[in-house]
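Each residue of the sequence shown is one higher than the one before, starting from 1 at the first, in UniProt numbering.
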Amino acid sequence: MSRPRSSGPTQAAVAARAGVSVATVSKALRADPVISAPTRTAVLAAARELGYRTPVTTLPGAAADPTARPVTAVFDTVDTQYAAYVLRGLLEEAELDGVWLRVRHIGSSMDQLDQAHREVWERSVLEVLPSSYGVVLVTTGVTATMVASAGELSVPLVAVDPASAVPGGISSIGATNQRGGQQAVTHLLELGHRRIGIVTGPSESIPANERVAGYRSALATAGIAHDPALVRAGRFDYDSGLVHGGDLLDLKAPPTAIVAGCDAAAVGVIEAARRRGLRVPEDLSVVGFDDTLTATVCSPRLTTVHQPLVDIGAEAMRTVIRLATSRGSRALSPIELATTLVVRDSTAPPLHTCSAYQEDAPTDTTEGSHPAVTG
């Protein structure tokens, strides 16, 4: 039984604000794939500005029916700013589309779980599948068993920044992580840094590996050989930045700049530098990743790579709804939203040249110029 809609903005009002037809608004709000991403973005922006809410009877599993199946979002942890931003995007899109959103979390990062706990985790995901309209897995592992069970139940799976390689049959959403790694290193190269370290996430993490690939690509383009001693895999948190950043700074030939896997890790690197009597950015430049609130409230304010986390969450919700309402449709190709470099106060030209490090730092003579930073 449908719930009467309260008075408020209509689709006609949204159409007028967005400069499109009412039919286009209707399709955009249903995540119809015939509507282009820019047009849908404009419609959603107009809907938010006007306070429009999608009629809850427009989708199967709509919020008007308390017995309807929800979209379930499963996080490895909700104790990070990354998770808060992605969750906000999921919530906003669910509200616009009139569907229930249920949130589950493991309470621990996937890289911290032993095999026994990973099996418990897999079972917990399998348990929510029958009661879900669709499932969004955020920074978690994805197994072939999950994919097979979801396929049998016709429940679409969407992975956001998966913790490991994704089996075929599900869609993935993320940022242009490799490009983000390139942007961070290119910025440091343009400032004059040549010995650049990176503290990244778990070695099996797809986003972490993509960022390292971008890091290596930017160095290679600038004619600088890869030095494995400057790459440290850890976790996406403050402690990882503190420990691994400290390890890099204790090298005989330490880096003059460090790229961190997230903003929290970047703050950890800054603290590691402070404990060694180093100033940021005078003695060490630091670049974060994510562009969360942390980047603007720490001192110095972080230069960081912005990834559109709210938009990633919203796109994940749109994708799972699109798949759920198009039964029999195949998983979409991986979706990557663009990263941009945000320059603040934690980076500067190196105080001293890297000439003192040349004996320890491998170089090569490959010609080429590094790409310009965009954003």
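Don't be surprised by glycine CBs; every beta carbon is placed ideally from N, CA and C.
Three or more C-beta pairs below 8 Å linking the region 142–150 and the region 276–295 = no
request  = Rank 202, 319, 240, 185 by C-alpha distance to the C-alpha of residue 334 and give the top, closest one.
outcome  = By one-based count along the sequence shown, residue 334 stands at place 334. When only C-alpha atoms are compared, the closest one is 319.
query = Would a C-beta distance cut-off of 8 Å place residue 101 and residue 73 closer than the cut-off?
reply = Position 101 of the sequence shown holds residue 101. Position 73 of the sequence shown holds residue 73. Yes, the pair counts as a contact, with Cβ atoms nearer than the cut-off.
task = Throw me the rounded Cβ distance for the residue 380 and residue 346 pair, which I believe falls under 8 Å.
result = What the structure shows of the chain is the stretch from 1 to 375, and residue 380 is not part of that stretch, so it cannot be assessed.
task = Determine which residues share a DSSP beta bridge with residue 204 and list them.
result = Position 204 of the sequence shown holds residue 204. Bridge partners of residue 204: none, in fact.
key: DSSP state of residue 187 mapped onto helix, strand, coil   = For the purposes of this step, residue 187 is taken as residue 187 along the sequence shown, with counting starting at 1. DSSP places residue 187 in helix when its eight states are reduced to three.
query = Would residue 208 pass as a contact of residue 261 if the rule is Cβ separation under 8 Å?
reply = Here residue 208 is taken as the residue at index 208 of the sequence shown, counted from 1. Here residue 261 is taken as the residue at index 261 of the sequence shown, counted from 1. Against a cut-off of 8 Å, the Cβ pair of residue 261 and residue 208 comes out as a contact.
task = Assuming residue 245 and residue 280 form a contact by the criterion Cβ under 8 Å, report the distance between their Cβ atoms to the nearest whole angstrom.
result = To locate residue 245, count along the sequence shown from 1; it is residue 245. To locate residue 280, count along the sequence shown from 1; it is residue 280. With 8 Å as the limit, residue 245 and residue 280 do not qualify as a contact, their Cβ atoms being about 11 Å apart.
key: Boundaries (first-last residue) of the alpha helix (DSSP H) holding residue 147   = Taking the sequence shown and counting its residues from 1, one reaches residue 147 at position 147. From DSSP, the alpha helix (DSSP H) with residue 147 extends over 144–153.
ask   = Using DSSP with H/G/I as helix, E/B as strand and the rest coil, what is residue 242?
value = Residue mapping note: residue 242 aligns to position 242 of the sequence shown, counting from 1. Of the three classes helix, strand and coil, the one that applies to residue 242 here is helix, per DSSP.
query = Roughly how many angstroms separate the alpha carbons of residue 174 and residue 128, rounded to a whole number?
reply = The count along the sequence shown starts at 1 and reaches residue 174 at position 174. The count along the sequence shown starts at 1 and reaches residue 128 at position 128. Looking at the two C-alpha atoms, the distance is approximately 23 Å.
task = Please determine if the region 91–100 and the region 161–171 are in contact, where contact requires at least 3 C-beta pairs separated by less than 8 Å.
result = no
key: DSSP state of residue 172 mapped onto helix, strand, coil   = Residue mapping note: residue 172 aligns to position 172 of the sequence shown, counting from 1. Strand.
ask   = Where residue 258 and residue 284 are concerned, what is the direct C-alpha to C-alpha distance, given to the nearest angstrom?
value = By 1-based counting over the sequence shown, the position of residue 258 is 258. By 1-based counting over the sequence shown, the position of residue 284 is 284. Rounded to whole angstroms, residue 258 to residue 284 spans 8 Å at the Cα level.
Straight-line gap, residue 106 to residue 136 (C-alpha atoms, nearest Å) = Position 106 of the sequence shown, counted from the first residue, corresponds to residue 106. Position 136 of the sequence shown, counted from the first residue, corresponds to residue 136. Going from the Cα of residue 106 to the Cα of residue 136 covers about 14 Å.
ask   = Would you say residue 170 and residue 255 are within 8 Å of each other, going by their C-beta atoms?
value = As a working mapping, residue 170 is identified with position 170 in the sequence shown. As a working mapping, residue 255 is identified with position 255 in the sequence shown. Result no, Cβ atoms of residue 170 and residue 255 do not sit closer than 8 Å.
request  = Take residue 52 and list the residues in its own chain whose beta-carbon comes closer than 6 Å to its own, dropping the five residues that flank it on each side.
outcome  = Looking up residue 52 in the sequence shown gives position 52. The answer, listed in chain order, is 9, 14.
Residue span of the beta strand (DSSP E) that contains residue 282, given as start and end = Taking the first residue of the sequence shown as 1, we reach residue 282 at position 282. Premise fails: residue 282 is in no beta strand (DSSP E) and is neither H nor E.
query = Counting Cβ pairs closer than 8 Å, one from the region 83–93 and one from the region 260–276, do we hit at least three?
reply = no
task = Can you tell me which of 309, 17, 229, 204 puts its alpha carbon nearest to the alpha carbon of residue 252?
result = Here residue 252 is taken as the residue at index 252 of the sequence shown, counted from 1. The option with the nearest alpha carbon to residue 252 is 229.
request  = Give the straight-line distance between the Cα atoms of residue 12 and residue 41, rounded to the nearest whole angstrom.
outcome  = Here the question's residue 12 lines up with position 12 in the sequence shown. Here the question's residue 41 lines up with position 41 in the sequence shown. About 17 Å.
message = Measuring straight from C-alpha to C-alpha, what distance separates residue 321 and residue 134?
response = Stepping through the sequence shown from its first residue, residue 321 is reached at position 321. Stepping through the sequence shown from its first residue, residue 134 is reached at position 134. About 7 Å.
request  = Give me the Cβ distance between residue 180 and residue 339, rounded to the nearest whole Å; I'm assuming they're in contact under 8 Å.
outcome  = Along the sequence shown, one-based indexing puts residue 180 at 180. Along the sequence shown, one-based indexing puts residue 339 at 339. Their Cβ separation, rounded to whole angstroms, is 4 Å, which keeps residue 180 and residue 339 in contact under 8 Å.
inquiry  = Going by beta-carbon coordinates alone, are residue 49 and residue 17 separated by less than 8 Å?
reply    = Residue numbering aside, residue 49 sits at position 49 when the sequence shown is read from its first letter. Residue numbering aside, residue 17 sits at position 17 when the sequence shown is read from its first letter. Taking 8 Å as the Cβ cut-off, residue 49 and residue 17 qualify as a contacting pair.
key: Selection from 241, 132, 288, 47 that minimises the alpha carbon distance to residue 188   = Along the sequence shown, read from residue 1 onward, the residue named residue 188 stands at position 188. The candidate whose alpha carbon is nearest that of residue 188 is 288.
ask   = What are the start and end residues of each continuous beta strand (DSSP E) run of 3 or more residues lying completely inside the region 288–347, in chain order?
value = 303–306, 335–337, 340–342
task = Taking all protein chains shown into account, decide if residue 378 is buried (16 or more other Cβ within 10 angstroms of its Cβ) or exposed.
result = The structure shown does not extend to residue 378, since the chain is modelled only from 1 to 375, so the question has no answer here.
Beta bridge counterpart(s) of residue 73 as assigned by DSSP = Locating residue 73 in the sequence shown gives position 73, where the first residue counts as 1. Beta-bridge pairing links residue 73 to 103, 136.
ask   = Do you know offhand how far residue 241's Cα is from residue 310's?
value = The residue labelled residue 241 in the question sits at position 241 within the sequence shown. The residue labelled residue 310 in the question sits at position 310 within the sequence shown. Rounded to whole angstroms, residue 241 to residue 310 spans 24 Å at the Cα level.
request  = Note down the Cα distance separating residue 282 from residue 153, rounded to an integer number of angstroms.
outcome  = Looking up residue 282 in the sequence shown gives position 282. Looking up residue 153 in the sequence shown gives position 153. Roughly 57 Å separates the two Cα atoms.
ask   = If you draw a straight line from the alpha carbon of residue 61 to that of residue 69, how long is it in whole angstroms?
value = Locating residue 61 in the sequence shown gives position 61, where the first residue counts as 1. Locating residue 69 in the sequence shown gives position 69, where the first residue counts as 1. Unreliable placement is indicated for residue 61, whose pLDDT of 45 sits below 50; no coordinate value is reported for it.
inquiry  = Could you pull the DSSP bridge partners for residue 198 from this structure?
reply    = If you number the sequence shown from 1, residue 198 lands on position 198. DSSP, once it has assigned bridges, lists 231, 259 as partnering residue 198.
query = I think residue 217 touches residue 182, with their Cβ atoms under 8 Å apart; what is that distance to the nearest whole Å?
reply = One-based indexing of the sequence shown puts residue 217 at position 217. One-based indexing of the sequence shown puts residue 182 at position 182. Right, their Cβ atoms sit about 6 Å apart.
query = Would a C-beta distance cut-off of 8 Å place residue 248 and residue 232 closer than the cut-off?
reply = Numbered from 1 along the sequence shown, position 248 holds the residue referred to as residue 248. Numbered from 1 along the sequence shown, position 232 holds the residue referred to as residue 232. Yes, Cβ-Cβ distance for residue 248 and residue 232 is below 8 Å.
request  = Using beta-carbon positions only, say whether residue 155 and residue 172 come within less than 8 Å of one another.
outcome  = Position 155 of the sequence shown holds residue 155. Position 172 of the sequence shown holds residue 172. No, Cβ-Cβ distance for residue 155 and residue 172 is not below 8 Å.
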